[in-house]
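These protein sequence lines are chains A and B, in that order. Here the first sequence stands for residues 1 to 368, where the numbers follow this note's numbering. Here the second sequence stands for residues 369 to 647, where the numbers follow this note's numbering. For each residue, glycine too, the CB sits at the ideal point set by N, CA and C. Here the structure is laid out as structure tokens; the discussion comes afterwards.
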Amino acid sequence: MKAVHSLSCDSTPNALSSVPVGAEAARIARAARAYSTRRANSVAMQALRTDLAPKTGDLVLARVAKLGQHFRLHLPNGRSQNLWPGDEIVVAYADRYAPSQYEAHVPADLGPCNLAASGGIAARVVVSNAKLGKRPTEIEPIGLICHDRCAPALNVADFALRSLPPATRRMTTIAVVGSAMDSGKTSALAHLAKGISRLGVQVGYAKLTGTAAGGDPWQLVDAGAAPVLDFTDVGFASTSRVSTPLLERVCEQLVLRLQRAGVEVALLEIADGLFQPETAALLASPRLRNLVDGMLYASVDALGAAHGASLISAQGHRLLGLTGMLAAAPLLVREAQAATDLPVYDRSDLADASVAAKLLAAAREPLS
Amino acid sequence: MSALPTRGRILRARTRDEFALEYLAVCPMSALADAPLLVAVHGYSRNAAEQIERFAPLCAAAGIVLAAPHFDVERFKDYQRLGQRGVRADHALDAMIAELRGSLDMLLGRVSLFGFSGGGQFVHRTVMAHPKRFLNAAVAAPGWFTFPNREHAYPLGVRGARKPLGVRLRPEAFLRVPILVAVGEHDADENGENLRRETRLDAQQGTSRLERAARWVRAMQDAASAHGCPPLARLALIPNASHSFADCMDNGLGELVLAHVGALAAKALPTRKRLTAQG
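Shown next as structure tokens:
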């Protein structure tokens, strides 16, 4: 792991936390910690409360009741741990919006709910994609995790990086948005990170929205991005149903963090599709426009590419080109280019230093 | 090279890799950090210095970094066809650009290519093989072309290029690179020196450089139309010029190339005006 990589976690208890104060603390320490809770300090996890209603971001100790769609848990270090019925896990309550999987909401009580994402999201599934072969994994909350029994539940926001003051942006930023979930956004940015790092330029990455997932950051780390951040670093297990002003702040803080780390080029990922409510709100936000020099649009098909490109441009963003699943299909590439007159970059293009230089130059071009 | 000032003087270097490609480069004193790069490729005479000598004043005035590789005859025997039988000239060019980025400490993200005669052959084939790396290109008086059709095998057409080149020549990609084809109005000699003449070639492309340039531009425009792309290949005749680089430059080739490169540099990728709303 690179020294400057930010995927620090507290999965290995330090000296203090290795001496749990009581039985509840010991039980929490034995449980598998999810990626969504990676910034939480295990020293603080001393007690359990069952007399509170859960809120978004609250940490909860839960037992796996019945395995379903998510049968693995992303640990803070990115490893996927296989789950077994009866396993106890530390996860965070949060909403989820994932068209290819679930819509899930934070329940009003500590009753049985679901593991809504492998990154460690506790929520009650309200809508499932019919293509999923399995039902959602069922979990039984044991108690909200607190520092002591008089304290409120620990929340991922309690362990966020401290806020940075506003600063003039000096680095170049390229964002990727997509037509849908799984359209190839993360892969595109990982390849672009490799292309940029081949230029000898320091490149960083931040995932601005989405649901905590332990695997994605490592793609970027492996491609040479440093630091690699996501919304969990600023106090969110998921950004579903987060208000627009708060999302704008998430974006600004993550960009400031990258700049503070000395990054010259920041790659930013916005999750899900253009019609996802938070993504749509962010794209329309003048504050996001001020943060982004150029955009790549990942699409799964030509029709989505044409309509999405038009939507993005209509919001005043500079669209640098198309990428994603579409780029693997020459006929779709031809259709998309004919419809949009935009270049289409496949993964090998983006990992090419010359193409990366060309994209950077386009992003840095003064706007007329 | 890094110990010497890198601006306002002609740099002579050789890439520090297996290609050991010799090249000349000039970074104007006025070049901005995001200055574009023009690579000018020599023809049959392999005279890189002449490319620098004639283009440097124009590039200095425009703030464009200029480089001219020297593909030596021993190793880059068929650089015009990218090195099917010798060292890969397109890969060597890539190494040269990468090294220039480091030497000049500049991004050089906007790369334009120019080539005269054999250099024009090299340039249009390089753009066809690596279209996404270049903003635009200008070729002057190539002896013959690779046509954007699959009826002919490479190097006459794009069919089967993957075997010798390792990449497919994809019209949907290379048709999107604006290419200027310039040819002297008197470069119509069917028996011109170094003009390749073969029955099959003549039948496909014509019998003179002028005719071949016109046919190729037409073929590129037709292919663009078939692929739903705007026609980005265009032909320009250089008045009073025959098949001579000096002659062509004396009659406006340099200005034509710089206008093509400069006019397109700022809008090679689609840009949209950013809204002014502030949050």
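I'd like the span of the beta strand (DSSP E) that includes residue i, first residue to last.
i: residue 207 of chain A; result: 203-207
i: residue 602 of chain B; result: 601-606
i: residue 82 of chain A; result: 80-82
i: residue 382 of chain B; result: 378-382
i: residue 74 of chain A; result: 72-74
i: residue 420 of chain B; result: Where residue 420 of chain B is concerned, there is no enclosing beta strand (DSSP E), although the alpha helix (DSSP H) it sits in stretches over 416-430.
i: residue 230 of chain A; result: 228-230
i: residue 66 of chain A; result: 59-66
i: residue 128 of chain A; result: 121-128
i: residue 321 of chain A; result: 319-323
i: residue 107 of chain A; result: From DSSP, residue 107 of chain A is part of no beta strand (DSSP E); its letter is neither H nor E.
i: residue 492 of chain B; result: That residue, residue 492 of chain B, is in no beta strand (DSSP E); its alpha helix (DSSP H) goes 486-497.
i: residue 43 of chain A; result: Looking at the DSSP string, residue 43 of chain A is not in any beta strand (DSSP E), and its letter there is neither H nor E.
i: residue 375 of chain A; result: Any answer about residue 375 of chain A is impossible in this case: the structure gives chain A only from 1 up to 368.
i: residue 277 of chain A; result: Here residue 277 of chain A belongs to no beta strand (DSSP E); instead the alpha helix (DSSP H) covers 277-283.
Measure the Cβ-Cβ separation of residue i and residue j and say whether it is below 8 Å.
i: residue 295 of chain A; j: residue 312 of chain A; result: yes
i: residue 403 of chain B; j: residue 441 of chain B; result: no
i: residue 438 of chain B; j: residue 509 of chain B; result: no
i: residue 192 of chain A; j: residue 267 of chain A; result: yes
i: residue 327 of chain A; j: residue 333 of chain A; result: yes
i: residue 343 of chain A; j: residue 321 of chain A; result: yes
i: residue 56 of chain A; j: residue 110 of chain A; result: no
i: residue 232 of chain A; j: residue 121 of chain A; result: no
i: residue 147 of chain A; j: residue 44 of chain A; result: yes
i: residue 466 of chain B; j: residue 353 of chain A; result: yes
i: residue 387 of chain B; j: residue 455 of chain B; result: yes
i: residue 487 of chain B; j: residue 554 of chain B; result: no
i: residue 572 of chain B; j: residue 537 of chain B; result: no
i: residue 464 of chain B; j: residue 522 of chain B; result: no
i: residue 629 of chain B; j: residue 506 of chain B; result: yes
i: residue 209 of chain A; j: residue 247 of chain A; result: yes
i: residue 585 of chain B; j: residue 526 of chain B; result: no
i: residue 88 of chain A; j: residue 63 of chain A; result: yes
i: residue 613 of chain B; j: residue 484 of chain B; result: yes
i: residue 156 of chain A; j: residue 40 of chain A; result: yes
i: residue 142 of chain A; j: residue 48 of chain A; result: yes
With residue i and residue j assumed to form a contact (beta carbons below 8 Å), what rounded beta-carbon distance in angstroms separates them?
i: residue 114 of chain A; j: residue 123 of chain A; result: 6 Å
i: residue 422 of chain B; j: residue 399 of chain B; result: Their Cβ separation, rounded to whole angstroms, is 19 Å, which puts residue 422 of chain B and residue 399 of chain B out of contact at 8 Å.
i: residue 452 of chain B; j: residue 516 of chain B; result: Actually they do not touch by this definition, with Cβ atoms about 19 Å apart.
i: residue 78 of chain A; j: residue 215 of chain A; result: 6 Å
i: residue 223 of chain A; j: residue 240 of chain A; result: Incorrect: roughly 27 Å between the Cβ atoms, too far for contact.
i: residue 323 of chain A; j: residue 188 of chain A; result: 4 Å
i: residue 552 of chain B; j: residue 627 of chain B; result: About 18 Å; that fails the 8 Å criterion.
i: residue 595 of chain B; j: residue 540 of chain B; result: 5 Å
i: residue 90 of chain A; j: residue 34 of chain A; result: 6 Å
i: residue 511 of chain B; j: residue 461 of chain B; result: The Cβ separation is near 20 Å, so there is no contact.
i: residue 219 of chain A; j: residue 190 of chain A; result: 4 Å
i: residue 408 of chain B; j: residue 436 of chain B; result: 5 Å
Taking residue i as part of the alpha helix (DSSP H), name the residues at either end of that continuous run.
i: residue 333 of chain A; result: 330-340
i: residue 597 of chain B; result: Element bounds for residue 597 of chain B: n/a, residue is neither H nor E.
i: residue 252 of chain A; result: 244-260
i: residue 617 of chain B; result: 613-618
i: residue 459 of chain B; result: 457-472
How about residue i: is its Cβ closer than 7 Å to a heavy atom in the ligand MG?
i: residue 102 of chain A; result: Summarising the ligand content, the structure contains no ligands, and the ligand MG is consequently not present.
Is the stretch 174-188 of chain A close to the stretch 287-307 of chain A, with three or more CB pairs under 8 Å?
Touching, yes.
For the pair the stretch 160-173 of chain A and the stretch 249-263 of chain A, tell me if three or more CB-CB distances fall below 8 Å.
Yes, since at least three Cβ pairs between the stretch 160-173 of chain A and the stretch 249-263 of chain A fall closer than 8 Å, the two stretches touch.
Check whether the stretch 594-601 of chain B touches the stretch 567-583 of chain B, taking contact to mean three or more Cβ pairs, one atom from each stretch, closer than 8 Å.
They do not touch, by the three-pair rule.
May I ask you to verify whether the stretch 544-560 of chain B touches the stretch 492-500 of chain B, counting CB pairs closer than 8 Å and requiring at least 3?
Cβ pair count under 8 Å is three or more, so yes.
At least three beta-carbon pairs within less than 8 Å, the stretch 459-472 of chain B to the stretch 378-391 of chain B
Contact between the stretch 459-472 of chain B and the stretch 378-391 of chain B is present: three or more C-beta pairs spanning the two stretches fall below 8 Å.
Please determine if the stretch 86-96 of chain A and the stretch 235-242 of chain A are in contact, where contact requires at least 3 C-beta pairs separated by less than 8 Å.
Segment contact: the stretch 86-96 of chain A against the stretch 235-242 of chain A, three or more CB-CB distances shorter than 8 Å; contact assigned.
Mind listing which residues of the stretch 506-535 of chain B have their C-beta closer than 9 Å to chain A's C-betas, in chain order?
Cβ contacts with chain A: none found.
Contact set between the stretch 177-209 of chain A and chain B, restricted to residues whose Cβ is under 7 Å from the partner:
Answer in chain order: 199, 200.
Taking 8 Å as the threshold, find out whether the stretch 356-365 of chain A comes into contact with the stretch 477-487 of chain B through three or more Cβ pairs.
Touching, yes, given that three or more Cβ pairs across the two stretches are closer than 8 Å.
Can you pull out the residues from the stretch 448-462 of chain B whose beta carbon lies closer than 8 Å to at least one beta carbon of chain A?
Per Cβ criterion, the list reads 462.
Which residues, in order along the stretch 570-594 of chain B, keep a beta-carbon less than 8 Å from a beta-carbon of chain A?
The residues in question: there are none.
Contacting positions in the stretch 292-316 of chain A - beta carbon closer than 8 Å to chain B:
Against chain B - using a Cβ distance shorter than 8 Å - the residues of the stretch 292-316 of chain A are 313, 315, 316.
For the stretch 401-434 of chain B, which residues have a CB atom closer than 7 Å to at least one CB atom of chain A, in sequence order?
For the stretch 401-434 of chain B, the beta-carbon criterion of a distance under 7 Å to any beta-carbon of chain A is satisfied by 402.
Closer than 7 Å, Cβ to Cβ, to anything on chain B: give me those residues from the stretch 265-283 of chain A, in chain order.
Within the stretch 265-283 of chain A, no residue has a Cβ lying closer than 7 Å to any Cβ of chain B.
Please list, in chain order, the residues of the stretch 224-249 of chain A that have any C-beta partner in chain B closer than 8 Å.
So the close ones are 248.
Closer than 8 Å, Cβ to any Cβ of chain A: which residues of the stretch 466-488 of chain B, in chain order?
Within the stretch 466-488 of chain B, the residues whose Cβ lies closer than 8 Å to some Cβ of chain A are 466, 469, 470, 475, 476, 477, 478, 479, listed in chain order.
Residues in the stretch 541-572 of chain B with C-beta within 7 Å of chain A's C-beta atoms, listed in sequence order?
Within the stretch 541-572 of chain B, the qualifying residues are 544.
According to a CB-to-CB cut-off of less than 8 Å, which residues of the stretch 610-622 of chain B neighbour chain A?
The stretch 610-622 of chain B vs chain A, Cβ under 8 Å: nothing.
Contacting positions in the stretch 597-610 of chain B - beta carbon closer than 8 Å to chain A:
Residues of the stretch 597-610 of chain B with a C-beta atom less than 8 Å from some C-beta of chain A are 597, 598, listed in chain order.
Cβ-based contacts, 9 Å cut-off: residues of the stretch 48-71 of chain A near chain B:
Residues passing the 9 Å Cβ filter: none.
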